[in-house]
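Read the structure below first, then the notes.
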Amino acid sequence: MKVAVVGGTGDLGFGLVLRLAKAGVAVAIGSRSAERAAQAVSRVSHVLGAAEVSGSVNRESVKGCNAAFFTIPFEAIAEIAGDVAPALAEDCIAVSCIVSPSDSGTSSAELLASHLPKPAKVVAALHTVSASLMQDLDSPVEADTFIFGDNPEDKKTIAKLLRLVEGLRPVDGGGLRDSRFGETFTRFLIGINKRYGLSHAGFRVTGLRDEDVWRRWGF
Ligand SMILES: NC(=O)c1ccc[n+]([C@@H]2O[C@H](COP(=O)([O-])OP(=O)(O)OC[C@H]3O[C@@H](n4cnc5c(N)ncnc54)[C@H](OP(=O)(O)O)[C@@H]3O)[C@@H](O)[C@H]2O)c1
1202 MKVAVVGGTG
1212 DLGFGLVLRL
1222 AKAGVAVAIG
1232 SRSAERAAQA
1242 VSRVSHVLGA
1252 AEVSGSVNRE
1262 SVKGCNAAFF
1272 TIPFEAIAEI
1282 AGDVAPALAE
1292 DCIAVSCIVS
1302 PSDSGTSSAE
1312 LLASHLPKPA
1322 KVVAALHTVS
1332 ASLMQDLDSP
1342 VEADTFIFGD
1352 NPEDKKTIAK
1362 LLRLVEGLRP
1372 VDGGGLRDSR
1382 FGETFTRFLI
1392 GINKRYGLSH
1402 AGFRVTGLRD
1412 EDVWRRWGF
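Counting the sequence shown from 1 gives a position; this note's numbering is that position plus 1201.
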């Protein structure tokens, strides 16, 4: 499995790159600048030593990938999706981690899908997982992430990938339209972080046993 992280130079994206590379996944870091991508690759080597990580401009990074995570600001969706769309393989799953600054009714994931070639294979995840936790490789993440999407097989593929992140439990959050809840939860968590002076508040669904989570995905 080869994974691209479009915006992998940023806070969340870089944390995801570290976690996946640590688990042995081949990761391509995408950036608007080849130089910033190369610097991010050096940072990965500094932290992990040898790892299967490359860096390039966003459009190059997604070539030949089975999954492309989009860890970019909401405002950049049209520009970046338009740039990478011609290079995305038909069977590549686009994973939106993007959070809109306010509730517009349409999720960032649906907006991303509207900018990709049809039929777009889009899943949404990681909205409620803090970048600082992802980058702290000394600690397991110990949180749930909700996976949203309309194609069960695509969701399962992304759940299987994200369970490689130590302590992260991928919970089926419903269809792509429901990813707006994930984005609302992020804005809610930002408020919790501010009130309690934290940087890493997250979600854990109580009453949901690990074995039920894994059984639903068929793992
Ligand atoms: N930070 C978190 O804890 C967290 C948690 C959950 C979800 N999210 C969501 O994940 C996304 C990324 O968050 P982040 O904190 O990692 O963001 P970030 O560090 O500000 O940005 C991520 C990357 O996006 C690219 N970028 C920045 N501004 C851009 C622009 N105007 N146009 C095009 N590309 C731009 C940059 O890469 P290059 O300059 O290298 O191109 C940057 O490194 C956001 O939608 C955020 O809401 C974040």
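All residues carry an ideal CB built from backbone N, CA and C; glycine is no exception.
Residue i - partner residues in DSSP beta bridges
i: R1370; result: D1345
i: K1203; result: A1227
i: G1383; result: Paired residue(s): none; G1383 is not in a bridge.
i: G1375; result: F1349
i: F1447; result: Outside the modelled stretch of the chain, which goes from 1202 to 1420, sits residue 1447, for which no answer is possible.
Extent of the continuous alpha helix (DSSP H) run through residue i
i: K1357; result: P1353 to L1363
i: D1339; result: From DSSP, D1339 is part of no alpha helix (DSSP H); its letter is neither H nor E.
i: L1312; result: S1309 to S1315
i: R1417; result: D1411 to W1418
Distance CB(residue i)-CB(residue j) smaller than 9 Å
i: V1258; j: S1297; result: no
i: A1295; j: A1332; result: no
i: V1263; j: G1283; result: no
i: R1378; j: D1411; result: no
i: I1278; j: L1312; result: yes
i: S1317; j: A1286; result: The sequence given here has Leu at residue 1317, not Ser. Yes, the Cβ-Cβ distance between L1317 and A1286 is below 9 Å.
i: T1272; j: G1214; result: yes
i: G1368; j: S1340; result: yes
i: G1209; j: A1238; result: yes
i: G1256; j: V1242; result: yes
i: F1216; j: L1362; result: Checking the sequence, you will find Gly at residue 1216 rather than Phe. No, these two residues do not count as a Cβ contact at 9 Å.
i: A1222; j: E1261; result: no
i: R1220; j: V1342; result: yes
i: V1206; j: A1229; result: yes
i: S1380; j: S1308; result: yes
Residue range of the unbroken beta strand (DSSP E) whose run includes residue i
i: A1325; result: V1323 to A1325
Open item on the list: With a threshold of 8 Å, are at least 3 pairs of Cβ atoms found where one atom belongs to the stretch 1383-1395 and the other to the stretch 1350-1368?
Closed with: no
Task: Any alpha helix (DSSP H) of 4 or more consecutive residues that is wholly inside the stretch 1220-1302 - done: 1235-1249, 1259-1262 and 1278-1285
Task: the stretch 1395-1414 touching the stretch 1342-1349, judged by at least three CB pairs closer than 8 Å - done: yes
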